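In my numbering, the protein residues as written are 599 to 1171.
Let me begin by presenting the structure, written as structure tokens, before commenting on it.
This is the structure in structure tokens:
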């Protein structure tokens, strides 16, 4: 049997055996001076009247021990030390009346008989034992006290770790509690070889560093063992407990004396998966999932890959030990964490520094799934609508999961505030020029109105609304959307707008049969989610190109022009 070395700390071997035998219990009783002919017998439910009321139990001292004799198998024994007080006058009065004087000696001997009953209880029914004896009046101590030691071998219902209550049947009833020793206690004693419950299959562990595995070598065992892998020193193994069977175990930790080899194996088997996601406030997050053979201490931080160097993004370091770890289905320990409000690019990666390793692991980067780095710039409509914003972010995540490098205006609000909306869009287009890709505009009724206004130069409409005092709520992405219209117009003049831009419309936010403005006519239009596969195909074709040639981008420059006292943005080639 072979186990991978990176996923094991301790191996626990279990043999299921019965701890409750069916043998008939054996009894033994020893009485102190003053008592004779002591006998013990089982007794059912006992009432006070059944025992001689001349005998009172003063104290009970129970104990449960392992009884071993020669080479015979050891068993559990319940030992009860009973201290009694005998009222001799009551013995005579109770037993001696009604007899003639000439028969006094014979009757005295008979009337001196007495008894005491002691019971023990486990979660099952109680069991009682009655001890009968003769009282020697002259041999008793001055206090009329005596002791009885009762030993019950293989007591019914008592097994290892049982909780037992011992009490007397007379009034007042002294009560004592006692616990049977556990198997863990018994199986470390010298007598364990004579305890059948301690007979666990033998095995040894051999670490093969060259093959990178642990070989378990088993001896000849009469029964089939269970093997459990315990991944950490304080870890737990599954407990087998069926039909009153209890697990008997032995343990081996093969890496205790191979700590250097174990550490190297752990470091070599650390894996990190990086993905992008979205927070409830539509901000982006970089999610990372680290798995290893055991829980680690160290640091993780994001970085931006630049050729062979990964530049750290400051202010995002996280401690591994502060996170929540859990075991996955493969037995590996993993922790899933996120870097919030971080600008995510295709080259986003994470680095890992494990305590004690002396070097840094990584970079672990975002992976494209077969789209060869094709970039998509996703632009929101000029709507102030949470439903639209949520749909845009969901589309961005979906495209990213399909392997595209995605830039969404809603995910880059911080950069837009720093750079300005138009320079930000220009920077995205420059990156797209090097990677290839498309600009995707999301259409709504408001977006079509803005496109028509821009096409016809209908700025007076907006001016009239402002003059009338109508409340104007502007989307923070309105300027970026308007700038994209300028670029579409410039590309249309060159006849290449359809190669750089495409349109999408969500079924949940239709444009209500509104015609496309002239500026947007001729651009590919997709209804989502019904045409998502067609959209993915179009984006992929847009990257690989139709025919033999790969698409190229014209160069854009942003310039300012004054006309009638107003500044306008224009794209020139």
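For each residue, glycine too, the CB sits at the ideal point set by N, CA and C.
A quick note: this is a predicted structure, and the numbers were derived from the prediction, not measured.
query	result
According to DSSP, residues forming a beta bridge with residue 883	875, 938
Secondary structure of residue 952, DSSP reduced to three states	strand
C-beta atoms of residue 981 and residue 1044 nearer than 8 Å	yes
Per-residue DSSP class, three states only, for residue 1125	strand
Sequence-distant residues of the same chain with beta carbon closer than 7 Å to residue 903, five excluded per side	945, 947, 961, 963
CB-CB length for residue 1101 against residue 1023, believed under 8 Å	The Cβ separation is near 17 Å, so there is no contact.
Residue 1026 versus residue 1017 - alpha carbon distance	12 Å
Residue 994 versus residue 933: straight-line alpha-carbon distance, rounded	26 Å
Residue nearest to residue 1128 in terms of C-alpha spacing, selected from 826, 1104, 1122	1104
CB-CB length for residue 625 against residue 756, believed under 8 Å	Actually they do not touch by this definition, with Cβ atoms about 14 Å apart.
First through last residue of the beta strand (DSSP E) which encompasses residue 1039	1035-1041
Residue ranges of each alpha helix (DSSP H) within the stretch 1090-1116, 4 or longer	1095-1098
Opposing strand residues paired with residue 870 [DSSP bridges]	888
Euclidean distance between Cα positions of residue 637 and residue 729	6 Å
Neighbour flag for residue 996 against chain B, beta carbons, 8 Å	The structure shown contains no chain B; it is built from a single protein chain.
Counted within 10 angstroms of its Cβ, other Cβ atoms place residue 1011 as buried (16 or more) or exposed	buried
Residues near residue 1133 in its chain [Cβ-Cβ closer than 6 Å; skip 5 each side]	1124
Delimiting residues of the beta strand (DSSP E) encompassing residue 777	773-777
Spatial neighbours of residue 703 in its chain, beta-carbon cut-off 7 Å, leaving aside the 5 residues before and after	Here residue 703 scores only 49 on pLDDT, less than 50, and its place in the model should not be relied on; the value that follows carries that caveat. Closer than 7 Å at the Cβ level, and outside the excluded window around residue 703, lies no residue.
Enclosing beta strand (DSSP E) for residue 665 [first to last residue]	653-665
Through-space distance from residue 867 to residue 1084, alpha-carbon basis	52 Å
Cβ neighbours of residue 1099 in the same chain (closer than 6 Å, five flanking residues each side left out)	1037, 1086, 1121
Residue 812 versus residue 900: straight-line alpha-carbon distance, rounded	36 Å
Span of the beta strand (DSSP E) around residue 991	Where residue 991 is concerned, there is no enclosing beta strand (DSSP E), although the alpha helix (DSSP H) it sits in stretches over 984-999.
Secondary structure of residue 1009, DSSP reduced to three states	helix
Cβ neighbours of residue 1182 in the same chain (closer than 6 Å, five flanking residues each side left out)	For the chain, the structure presents residues 599 to 1171; residue 1182 sits outside this window and is missing.
For residue 899: DSSP bridge partner residues	949
Continuous alpha helix (DSSP H) stretch holding residue 597: start and end	Residue coverage of the chain in this structure runs from 599 to 1171, which leaves residue 597 outside it and unanswerable.
Of the residues 916, 927, 710, 931, the one placed nearest residue 951, counting alpha carbons only	916
8 Å contact criterion, which residue 955 and residue 865 should meet: CB distance rounded	6 Å
Option in 1003, 938, 929 with minimal Cα separation from residue 911	938
Alpha carbon of residue 1013 to alpha carbon of residue 1029, nearest angstrom	15 Å
Beta-bridge pairing of residue 801 - partner residues as DSSP gives them	816
Those residues which DSSP pairs with residue 550 across a bridge	Here the chain comprises residues numbered 599 to 1171, so residue 550 is not present and cannot be evaluated.
Residues near residue 860 in its chain [Cβ-Cβ closer than 7 Å; skip 5 each side]	853
Pairwise C-alpha distance: residue 1008 and residue 1089	25 Å
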